[in-house]
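Following: one structure in structure tokens, then a few remarks.
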């Protein structure tokens, strides 16, 4: 096995968004079977992934299920599956079980990402150099919180951090190296850089560092999924509203799990979910495989795939019929399974995707607007109309109508990490959206509020909102997507009335976490 002389994360997909669906498919195909060496099982898993649209259908390099093994390795690397020592059968860890049971995948995978370590059972299996003894994502968060840096680029992480940071003791050295890189660029890299770290790469190629930058970008994607970081082009940073949470995380003691060569013990320790402190299960004594259980797992698979694309706050006839059509399962079993597994609906996967949309700029602007419309409709009960797809500058992205409280509201999505209300945007809100609401709304209700939903805002956003409020004579606000998601999650536990929502969105400043707790 060749040595991997840098941090490594496997990436059959570069983002974690589809992990819940992929894990669910794995559970129905492979649980409580011997995985290692079972080529038929590997091929079956690969086929199921393709059938579910989770893996691109294409010409197979071989007929041995190598694609299935790659995806299973991804799940193993994140501590979601383990292999029981005496039988060599695969089981879900507690973290894996939590995801399949419909608990927040962001909460589970945040813990797994933050506790990802070198060495691990996975890193040893792929030859990551044993000089690395570090939890890489915690290390990156600590660097991001350092005022001397403020952000990290894929070049800085790819060329410097993932090759040189061996332990937490290298922290100050890494700060100095990143600052030096910002001043002098590639000149600070050693003459033996390529032979030392990526000897297989031709230094004269178009971008010989691309392999390392791809790893850095994948790590950025994983951190973005945790909702602890924001994205700009080629960089990540800690949003202001997340700094308190991140400070608490990096202050916590988090020692490395010992003995990564003890496969089952390591995986079960790593795979402890946020709601447990130990894994005391007897895996052999709690076997659950039966034809009915397999069928129920496939029903859950179908539900997770649907729930990744839209907010599902409850199980209704439409959802049941969709799953029946997808799986071909008997309707009563589908209804029973969904109501038992997801009595309060399933929002986690959708919200993870929604968070990322808020940092995509114009790339996924329409999808961000449509998702916002569905949230206000499904979660908050408004008559919500998506107007943004018309492309007209005289209409906002979303119009809300509250028949219970007798008002309408204006929602404007901004898929940027540091949104600023420029003069043009100020005039558009005041003179087009508010003053001329009759041009796009037939309602006679008064305007209850306007609000901006964005990945993040500049520090002077409160002054900008106040200026619009004063000129338009209508209450308004701004809310980051991270705070909005917390609001959605709280609403699922204790629903807001549309009167309370009007009050929240009428604060005439940015809405903070403290306002919704």
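Residue numbers (the numbering used here): 147 to 663. Quick reminder that beta carbons are idealized off the backbone N, C-alpha and C, glycines included.
Return the CA-CA distance between residue i and residue j, expressed in angstroms with no decimal places.
i: residue 192; j: residue 202; result: 10 Å
i: residue 453; j: residue 240; result: 22 Å
i: residue 636; j: residue 642; result: 9 Å
i: residue 301; j: residue 264; result: 21 Å
i: residue 518; j: residue 587; result: 18 Å
i: residue 424; j: residue 367; result: 29 Å
i: residue 504; j: residue 601; result: 5 Å
i: residue 658; j: residue 387; result: 8 Å
i: residue 344; j: residue 151; result: 8 Å
i: residue 370; j: residue 163; result: 10 Å
i: residue 419; j: residue 261; result: 11 Å
i: residue 271; j: residue 185; result: 19 Å
i: residue 621; j: residue 651; result: 8 Å
i: residue 653; j: residue 611; result: 10 Å
i: residue 277; j: residue 188; result: 32 Å
i: residue 412; j: residue 217; result: 20 Å
i: residue 331; j: residue 309; result: 16 Å
i: residue 394; j: residue 551; result: 40 Å
i: residue 592; j: residue 626; result: 25 Å
i: residue 596; j: residue 229; result: 53 Å
i: residue 564; j: residue 624; result: 12 Å
i: residue 409; j: residue 644; result: 52 Å
i: residue 363; j: residue 472; result: 34 Å
i: residue 291; j: residue 396; result: 9 Å
Which class does residue i belong to by DSSP, given the choice of helix, strand or coil?
i: residue 461; result: coil
i: residue 233; result: coil
i: residue 184; result: coil
i: residue 280; result: strand
i: residue 317; result: helix
i: residue 480; result: helix
i: residue 155; result: coil
i: residue 626; result: strand
i: residue 456; result: coil
i: residue 540; result: coil
i: residue 451; result: helix
i: residue 560; result: strand
i: residue 598; result: strand
i: residue 565; result: strand
i: residue 212; result: helix
i: residue 366; result: helix
i: residue 650; result: helix
i: residue 526; result: coil
Using C-beta distances below 7 Å, list every residue in its chain close to residue i, excluding the 5 sequence neighbours before and after it, in chain order.
i: residue 457; result: 493, 496, 520, 521, 524 and 525
i: residue 470; result: 477 and 480
i: residue 311; result: 280, 285 and 320
i: residue 487; result: 247, 248 and 446
Who does residue i pair with in a DSSP beta bridge?
i: residue 377; result: 382
i: residue 274; result: 150
i: residue 554; result: 547 and 593
i: residue 533; result: Per DSSP, none; premise fails for residue 533.
i: residue 656; result: 624
i: residue 340; result: BP columns for residue 340 are empty, so no partner.
i: residue 299; result: 381
i: residue 238; result: 227
Compare the C-alpha of residue i against each of the options and name the closest.
i: residue 170; options: 158, 251, 234 and 152; result: 251
i: residue 461; options: 286, 621 and 485; result: 485
i: residue 661; options: 280, 632 and 498; result: 632
i: residue 245; options: 329, 313 and 166; result: 166
i: residue 360; options: 430, 615 and 154; result: 154
i: residue 449; options: 306, 431 and 483; result: 483
i: residue 296; options: 232, 372 and 385; result: 385
i: residue 381; options: 591, 619, 180 and 506; result: 506
i: residue 655; options: 598, 443 and 156; result: 598
i: residue 327; options: 313, 340 and 306; result: 306
i: residue 629; options: 238, 663 and 338; result: 663
i: residue 570; options: 606, 531, 584 and 614; result: 614
i: residue 441; options: 416, 429 and 474; result: 474
i: residue 238; options: 182, 303 and 429; result: 429
i: residue 303; options: 357, 603, 472 and 409; result: 357
i: residue 173; options: 190, 183, 455 and 160; result: 190
i: residue 508; options: 378, 269, 253 and 337; result: 378
i: residue 227; options: 415, 464 and 212; result: 415
With a threshold of 6 Å on Cβ separation, who are the neighbours of residue i within its own chain once the five nearest residues in sequence on each side are excluded?
i: residue 594; result: 553, 555 and 648
i: residue 547; result: 529, 554 and 589
i: residue 200; result: 164, 167 and 168
i: residue 618; result: 576 and 580
i: residue 541; result: 533 and 586
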